[in-house]
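So the structure is just underneath, and the comments pick up after that.
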Amino acid sequence: MLTKIKDEFSSLSKRDILILSALGIIALLPIIHYLAIGGTTSYYLDVSIKVCVYLLLALGLNLVIGYTGLLDLGFIGVFGIGAYTAAIMSIHGYHFLISSLVAIIMAMLFRLIIGLPVIRLRGDYLAIATLGFGEMVRIIVNNLDPLTNGPRGLPGVGQKISKIDFGIFSLNSSLEVYIFSLIVIALGGLASYRIEHSRIGRALVAIREDEIAASLMGVNVSKLKLFIFVISGIYGALAGIIYTHHIKFITPNLILFWDSILLVSIVVIGGIGSIPGTIVGAILFYGVPELLRDFLGSQLAEFRMLTFGLIMLLMIIFRPQGLIPSERRKYELKPETEKVKEEEDENLFDLEKR
4 MLTKIKDEFS SLSKRDILIL SALGIIALLP IIHYLAIGGT TSYYLDVSIK VCVYLLLALG
64 LNLVIGYTGL LDLGFIGVFG IGAYTAAIMS IHGYHFLISS LVAIIMAMLF RLIIGLPVIR
124 LRGDYLAIAT LGFGEMVRII VNNLDPLTNG PRGLPGVGQK ISKIDFGIFS LNSSLEVYIF
184 SLIVIALGGL ASYRIEHSRI GRALVAIRED EIAASLMGVN VSKLKLFIFV ISGIYGALAG
244 IIYTHHIKFI TPNLILFWDS ILLVSIVVIG GIGSIPGTIV GAILFYGVPE LLRDFLGSQL
304 AEFRMLTFGL IMLLMIIFRP QGLIPSERRK YELKPETEKV KEEEDENLFD LEKR
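Shown next as structure tokens:
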């Protein structure tokens with residue numbers, strides 16, 4: 004088995020190796036800064052942890068959008084379920100490991116419940132259905148006052164959310180939480196890579212390209228859609244768990260539709276179906292604007308919301324495959340030669356004349 008895994012990773016292109024090496028160096032920068040300032044918690048380290056949270060969410064969404072081609076606009080709701088479940092369990096005195104396990108199960112269960120009715124939908128209908136799911140979660144936690152403390156958030160007065168504690172050891176500093184987040188991301192990225200290069204991953208890509216053709220070839224479309232819906236819930240729950248036990252405070256404002264759009268932007272602009280692209284997208288779309296806030300001031304930094312739409316528009320026109328596309332996706336969206344491009348343009352022109 005180890006030989007098989009080694010063979011798979013030996014197939015990585017030089018481009019991917021260089022990108023992953025550069026990202027590894029970037030991941031070390033917050034640690035170096037933390038040590039350079041004498042081991043005190045810094046704003047930059049907290050921003051890095053939040054980038055890790057959004058990166059985990061983006062990796063989960065990439066399984067749904069990137070590999071399967073399902074436009075999910077309510078993925079932030081999974082984050083809310085994981086975060087609130089972990090917070091409620093922790094407030095009631097349950098150990099971190101137990102509360103985390105329950106949070107993951109709850110997120111997977113909700114993805115299963117929402118997946119059953121929507122997996123047969125496509126395109127805009129699927130997007131609207133998942134959008135409704137995300138808004139439903141926000142409205143429930145905002146109004147379920149006895150359990151979630153409503154818009155005031157958790158914990159309430161006299162309540163406390165515990166730190167990340169594994170029994171043998173606990174994470175007592177932001178640096179330790181950041182390193183733990185990097186480990187979770189590495190494992191999540193590895194799992195995503197293994198899914199992509201497995202028989203299931205190839206079936207998911209077939210569904211993305213042509214659902215009817217995949218079905219005719221013997222692929223169980225409904226079953227695989229539901230499977231990837233549920234598996235992506237694990238990523239959302241883990242992100243919610245890390246955020247809750249690090250910040251130790253959550254409100255319904257964390258589950259806004261805007262955050263779902265941000266996640267979709269990260270996946271699409273980073274590179275649909277590309278793990279390195281998703282990582283770069285999370286850094287550019289969450290990390291860089293937060294760092295610019297410190298230099299530009301909060302008012303000027305708010306214009307980042309305006310730039311997302313502009314960047315998305317430019318990317319769709321000039322680079323539809325994303326910043327760092329997957330090898331497969333790159334060749335799907337970009338003709339091999341200029342001659343092929345001219346032939347495609349002529350075909351489109353003929354269709355327009357008809």
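Residue numbers (my numbering): 4 to 357.
Glycine is no exception: its CB is placed at the ideal position from the N, C-alpha and C atoms.
Straight-line gap, Glu179 to Val187 (C-alpha atoms, nearest Å):
Walking along the sequence shown from the start, residue 179 turns up at place 176. Walking along the sequence shown from the start, residue 187 turns up at place 184. One C-alpha to the other measures close to 12 Å.
Less than 8 Å separating the Cβ of Leu174 from some heavy atom of the ligand MN?
The model on display carries no ligand, and the ligand MN is accordingly not part of it.
In chain order, what residues of the same chain have a beta carbon less than 6 Å from the beta carbon of Ile269, not counting five sequence neighbours either side?
Taking the first residue of the sequence shown as 1, we reach residue 269 at position 266. Excluding residues within five positions, the ones whose Cβ falls inside 6 Å are Ala61, Gly284, Ala285, Phe288.
When burial is assigned at 16 or more other CB atoms within 10 Å of the CB, is Met220 buried or exposed?
Translated into the one-based positions of the sequence shown, residue 220 becomes position 217. Exposed, by the Cβ-count rule.
Indicate the three-state DSSP secondary structure (helix, strand or coil) for Asp75 in the structure shown.
Within the sequence shown, numbered from 1, the residue matching residue 75 stands at position 72. Asp75 falls in the coil class under three-state DSSP.
Quick test of the definition: if touching needs 3 or more C-beta pairs under 8 Å, does the segment 150-164 touch the segment 264-281?
no
Assigned exposure category for Pro328 - 16 Cβ within 10 Å defines buried
Here residue 328 refers to the residue found at position 325 when the sequence shown is read from its first residue. It counts as buried.
Mind the definition here: the segment 157-172 touches the segment 85-96 only if three or more C-beta pairs lie below 8 Å; say whether that holds.
yes
Suppose contacts are defined by Cβ-Cβ distances below 9 Å. Is Val224 in contact with Glu212 by that definition?
Within the sequence shown, numbered from 1, the residue matching residue 224 stands at position 221. Within the sequence shown, numbered from 1, the residue matching residue 212 stands at position 209. Contact flag unset, no.
Can you look up Arg357 in the DSSP assignment and give me helix, strand or coil?
The sequence position of residue 357 within the sequence shown is 354, counting from 1. The pLDDT assigned to Arg357 is 46, lower than 50, so where the model puts this residue is not dependable; a value taken from the coordinates is nonetheless given after this. Coil at Arg357, not helix or strand.
From what residue to what residue does the alpha helix (DSSP H) around Ile142 run?
Working through the sequence shown from its first residue, we reach residue 142 at position 139. Note, Ile142: alpha helix (DSSP H), 126-146.
Would Pro158 pass as a contact of Phe252 if the rule is Cβ separation under 9 Å?
Within the sequence shown, the letter at position 155 stands for residue 158. Within the sequence shown, the letter at position 249 stands for residue 252. The answer is yes: Cβ separation under 9 Å.
Do the segment 68-86 and the segment 196-209 make contact, defined as three or more Cβ pairs closer than 8 Å?
yes
For Asp148, which option in Tyr87, Gly280, Tyr181, Gly41 has the closest C-alpha, if you only look at C-alpha atoms?
As a position in the sequence shown, residue 148 is number 145, starting the count at 1. Cα-wise, what sits closest to Asp148 is Tyr87.
Unbroken stretches of the alpha helix (DSSP H), 4 residues or longer, contained in the segment 18-80:
46-65
Distance CB(Ile117)-CB(Thr133) smaller than 9 Å:
Within the sequence shown, the letter at position 114 stands for residue 117. Within the sequence shown, the letter at position 130 stands for residue 133. The answer is yes: Cβ separation under 9 Å.
For Asp395, the three-state DSSP class (helix, strand or coil):
One cannot answer for residue 395 here, as it falls past the ends of the chain, which runs 4 to 357.
On the CB-based measure, 16 or more other CB atoms within 10 Å of its CB, does Ala90 come out buried or exposed?
The residue labelled residue 90 in the question sits at position 87 within the sequence shown. Ala90 comes out buried.
If we ignore side chains and look at the alpha-carbon of each, how far apart do Tyr181 and Gly274 end up?
Position 178 of the sequence shown holds residue 181. Position 271 of the sequence shown holds residue 274. If I take the Cα positions, the gap works out to 25 Å.
Which of the three DSSP states, helix, strand or coil, is assigned to Leu157?
Sequence index remark: in the sequence shown, residue 157 carries index 154 (1-based). Leu157 falls in the strand class under three-state DSSP.
Per-residue burial, Ala216 [other beta carbons within 10 Å of its own, 16 or more giving buried]:
Counted from its first residue, the sequence shown places residue 216 at position 213. Answer is exposed; the Cβ neighbour count stays below 16.
With respect to the alpha helix (DSSP H) encompassing Asp168, which residues constitute its N-terminal and C-terminal limits?
As a position in the sequence shown, residue 168 is number 165, starting the count at 1. Element bounds for Asp168: n/a, residue is neither H nor E.
Within the same chain, show all residues whose beta-carbon is closer than 6 Å to that of Asn65, passing over the 5 residues directly before and after it, in chain order.
Counting from 1 along the sequence shown, the entry for residue 65 is found at position 62. So the list reads Val270, Thr281, once near-sequence residues are dropped.
Straight-line Cα distance separating Leu229 from Ile122
Here residue 122 refers to the residue found at position 119 of the sequence shown. Here residue 229 refers to the residue found at position 226 of the sequence shown. In a straight line, the C-alpha of Ile122 is about 7 Å away from that of Leu229.
Hey, Ala242 and Met111: beta-carbon distance below 9 Å or not?
Numbered from its first residue, the sequence shown carries residue 242 at position 239. Numbered from its first residue, the sequence shown carries residue 111 at position 108. Cβ distance not < 9 Å, so Ala242 and Met111 don't count as in contact.
For Gly41 and Glu138, the rounded distance between their alpha carbons
For the purposes of this step, residue 138 is identified with residue 135 of the sequence shown, where counting begins at 1. For the purposes of this step, residue 41 is identified with residue 38 of the sequence shown, where counting begins at 1. If I take the Cα positions, the gap works out to 43 Å.
May I ask you to list the residues that DSSP assigns as paired with Ile253?
Residue 253 sits at position 250 when you count from the first residue of the sequence shown. Bridge partners of Ile253: Leu157.
Where does Pro292 sit, in a helix, a strand or coil, going by DSSP?
Mapped onto the sequence shown, residue 292 falls at position 289. Looking at Pro292 - three-state DSSP - the assignment turns out to be helix.
Please go through the same chain and pick out, in chain order, the residues whose beta-carbon is closer than 7 Å to the beta-carbon of Ile234, but skip the five residues on each side of it.
Taking the sequence shown and counting its residues from 1, the one referred to as residue 234 is at position 231. Correct list, in chain order: Leu66.
Inter-residue CB distance, Gly204 and Phe136 (contact presumed, cutoff 8 Å)
Reading the sequence shown from its first residue, position 201 is the one you call residue 204. Reading the sequence shown from its first residue, position 133 is the one you call residue 136. Contact doesn't hold; Cβ gap of about 25 Å is too wide.
Would you identify the three-state DSSP class for Pro328, choosing helix, strand or coil?
Position 325 of the sequence shown, counting from 1, holds the residue named residue 328. Of the three classes helix, strand and coil, the one that applies to Pro328 here is coil, per DSSP.
Is Phe78 buried or exposed, if buried means 16 or more other CB atoms sit within 10 Å of its CB?
What you label residue 78 is simply residue 75 of the sequence shown in a count that begins at 1. Its Cβ being crowded by 16 or more others within 10 Å, Phe78 is buried.
Tell me the DSSP secondary structure of Tyr97 in three-state form.
What you label residue 97 is simply residue 94 of the sequence shown in a count that begins at 1. Tyr97 falls in the coil class under three-state DSSP.
CA-CA distance, Ile171 and Ile320?
By 1-based counting over the sequence shown, the position of residue 171 is 168. By 1-based counting over the sequence shown, the position of residue 320 is 317. Computed Cα separation, rounded: 53 Å.
Between Met92 and Ile101, which are expected to be in contact by the criterion C-beta below 8 Å, what is the C-beta distance as a whole number of angstroms?
Numbered from 1 along the sequence shown, position 89 holds the residue referred to as residue 92. Numbered from 1 along the sequence shown, position 98 holds the residue referred to as residue 101. Sure, about 7 Å apart at Cβ, within 8 Å.
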